[in-house]
Structure formats: structure tokens, C-alpha cells
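Please read the structure below before turning to the comments.
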Amino acid sequence: MNLARLVFKGDLCRPKVIYLMPPFGLLMEIFTWFGRADIDSGSFHPSGGDSEMIDALLAARMDAGCCHPPQADLRALARECGFVRSDEEYNARLRRVALGLVRRRLKSLATEEQDLLQAVEALDDLTESVNLLDERLYEWSRLHQDEKVHGRNLAEALSDDEIMGELARMILGLRRSRAALEGIVGASVQRLAPNLSQIAGPILAARLISRAGGLKRLAEMPSSSIQIMGAEKALFKHLRGQAASPKHGIIYRHPAVSATSKRLRGRAARALAGKLAIASRLDYFGAGPSSELLESLERRLAEIRRRGRGESKKKN
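Numbering of the sequence shown is given in the numbering used here, commencing with residue -2 and proceeding in unit increments.
Here's what the structure looks like:
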């Protein structure tokens, strides 16, 4: 079988061409979606069944259905190697593998996002539990001491106590578990939504995705909805005429809002929400990381603060 003449004719799929330099000359191998062909020896090594082909494609990050030079005539190669007997069989096999590859990738993405949503819920549950137990330990400790110590410091101080030590150690263990879970959530959201993580920070980005019900729903939201996400009660009070319009929701945790003076927080929250909306859409459509968003946000925040200082001087 003369495989050398099949090389560089061009067809669908992207083969991976590897040149080897053994001691006695030049060899060339082609890795295709259905197997590996050794051009020098004329041997062919199939990947196996459809499942094995999909595994190999995922491992090699090769996209079935894409063209990229240099190319082999894969259709003719598959026939000559005995992998298929006709073009119709080749098309059917390629279609099955391509659909299986897409399903596997979509399933992987969906699983990762669902894991993230559950992890955020677990993180909130842990935080609530730690806060409740902190309060219980504080109330208990007041029966035996007058020092007003709270949180981790109190738990560490009482960890060896004969009476309250068990509860204190439990709280410290929950705090360690929460820190570990925060690391898992941060790593997951940075893979799933790198632009959103860069703008909001990993934990806030994860909370935004969780509150929206997924990255797709967040990407579909207008920036005005992202701005007040988490402030729904205040919004309903405003709609009933019982309160002023809320300026921000959970994005208040971002330094761009919380570190800004009170009278400028509405503008800062609006600027941040706009960039978060863009970042979520970039991540959902797989545009890849972009440093321009963060730079643009920093420029906008600097402009808001500069104008705010100018307005203060005019009033004075």
C-alpha cells in the first residue's frame, strides 16, 4: 500500500503531521480522527471504535470537521487502509464520531457548570453554619468570661477548653472546609468564565453565575439587571413607592463599588455591571480571555472619581 502519494492532497478534517528523525533517515506519521498512518512503512493503526476515537480526539484537542494545511486525502486514506469500504460509510462514521465528540464536550461543560452552581450553594450553606455557630459559641463563652472576642479568634482561644472545646474545634474545621471549597470554586469559575473572573474576582463571579442560574442566563441579562442582582426586595419596595431605587446588589462586594464614596457608588456600580455583562457574553460564546475589559473598567472608574472630585470642588 503506497500511503506516501496520499499526503498533502487536501480534504476535510485536520490531520496532525509529525516528522521523525531516526538515525537512518526521515519518517513521517499522520494522526487522523480514525487512526495513525506511518507514511514510510505504509502501516496503519486504527483508533478503535467510536468511543475510542472520541477519547483520542479529546486528548489530542483535534477538531473533526476542520481544515488546516498541510492535509492528507483522508477519505482515500481510510478506504485504502481498509477502515471503510466506501465514501458513504466514511461519511456515516465521521458523522457519528463528530456528533459524539460534540455531545461529550457539551456534557463536560454542562457538568462543570452544574458542579460550580452546587459548590456555590454549599459555600453559602457553610458560611451560614459558621456564622450561626460563631454566635452560639460567643453566647456560651459569655457565661464563663468577660472578654468580647468573636469569630476565629474566639474559636482558637477555646479549642482546648474542657466545656466548649468541642464546639470551637468544630467551627475551626468548618472554616478550613470553607476555605478549601472557596479554592475549588475559584479554580472552577476561572476555567468556565475567565473574563468574568478577571473583572469580578473568582468568588463574586461564581455568585453571579449562581444567582443567574447559569452562565447562559447571565450572558442574556442586561447590565441593569446585573447591577441590582441580589437587591430584589429593595427593588420591589421602590416599585411600590416605599423606597428609593437600589443602586447595586451583590456587586457591592467588589472593591470598585465598596471602596468608592457613597455618592459615586451608583455610577461605579453601573460601570462595573456593564463590563460584567460584556465579560459574561465573551465567556459564554468562548471568545477567550481579554485584558482590555479590565483596563477599560479601570479607566472608567478613574474618570468617575476624577469627575466626582471636580463636582465636590464646585460645591465648596
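Glycine included, every Cβ here is placed at the ideal spot set by N, Cα and C.
(Q) Let me make sure I understand the geometry here. Which of P286, A253 and E292 has the alpha-carbon closest to that of R302? (A) Looking up residue 302 in the sequence shown gives position 305. Closest in C-alpha terms to R302, from the list P286, A253 and E292, comes A253.
Q) Which one or two residues does DSSP pair with T29 in a beta bridge? A) Indexing the sequence shown from 1 puts residue 29 at position 32. Note: T29 sits in a beta bridge opposite G32.
Q.
Between which two residues does the alpha helix (DSSP H) holding A284 run?
A. Position 287 of the sequence shown holds residue 284. Counting along the chain, A284 falls outside any alpha helix (DSSP H), and DSSP gives it neither H nor E.
Q: Over the uninterrupted alpha helix (DSSP H) stretch that includes H235, give me the two end residues.
A: Within the sequence shown, residue 235 is the residue found at index 238, counting from 1. Residues E229 to L236.
Q: Give the single residue among E217, E132, E229 and D143 whose Cα lies nearest to the Cα of A274.
A: Indexing the sequence shown from 1 puts residue 274 at position 277. Ranking E217, E132, E229 and D143 by Cα distance to A274 puts E217 first.
Q) Who are the Cβ neighbours of K234 in its own chain at under 7 angstroms, not counting the five residues just before and after it? A) What you label residue 234 is simply residue 237 of the sequence shown in a count that begins at 1. Only A240 meet the Cβ criterion.
Q: Kindly confirm or deny that the region 254 to 274 and the region 174 to 190 touch, where touching means at least three C-beta pairs closer than 8 angstroms.
A: No, they do not touch.
Q | Per-residue burial, A284 [other beta carbons within 10 Å of its own, 16 or more giving buried] | A | Position 287 of the sequence shown holds residue 284. Under the 10 Å beta carbon count, A284 is surrounded by fewer than 16 other beta carbons and is classified as exposed.
Q.
Looking at D130: is its Cβ nearer than 8 angstroms to the Cβ of I168?
A. Indexing the sequence shown from 1 puts residue 130 at position 133. Indexing the sequence shown from 1 puts residue 168 at position 171. Here residue 130 is Leu; the residue named in the question, Asp, does not match the sequence. Between L130 and I168, the C-beta gap is smaller than 8 angstroms, which places the two residues in contact.
(Q) Given this structure, state the Cα-to-Cα distance separating A61 from K230, to the nearest angstrom. (A) Position 64 of the sequence shown, counted from the first residue, corresponds to residue 61. Position 233 of the sequence shown, counted from the first residue, corresponds to residue 230. With a pLDDT of 41 at A61, under the threshold of 50, the modelled position of this residue cannot be trusted, and the question is left open.
Q) Nearest to L269 by CA position, among G79, R133 and M226, is which residue? A) Here residue 269 refers to the residue found at position 272 of the sequence shown. Among G79, R133 and M226, the Cα nearest to that of L269 is on M226.
Q. When DSSP labels each residue in this structure, what does D52 get in the three-state scheme?
A. As a working mapping, residue 52 is identified with position 55 in the sequence shown. DSSP places D52 in helix when its eight states are reduced to three.
Q) Among A197, A209 and H245, which residue has its Cα nearest to the Cα of E110? A) In the sequence shown, counting from the first residue as 1, residue 110 sits at position 113. Looking at the Cα atoms, A209 is the closest of the given residues.
Q. Would DSSP call G198 helix, strand or coil?
A. Mapped onto the sequence shown, residue 198 falls at position 201. Reduced to three states, the DSSP call for G198 is coil.
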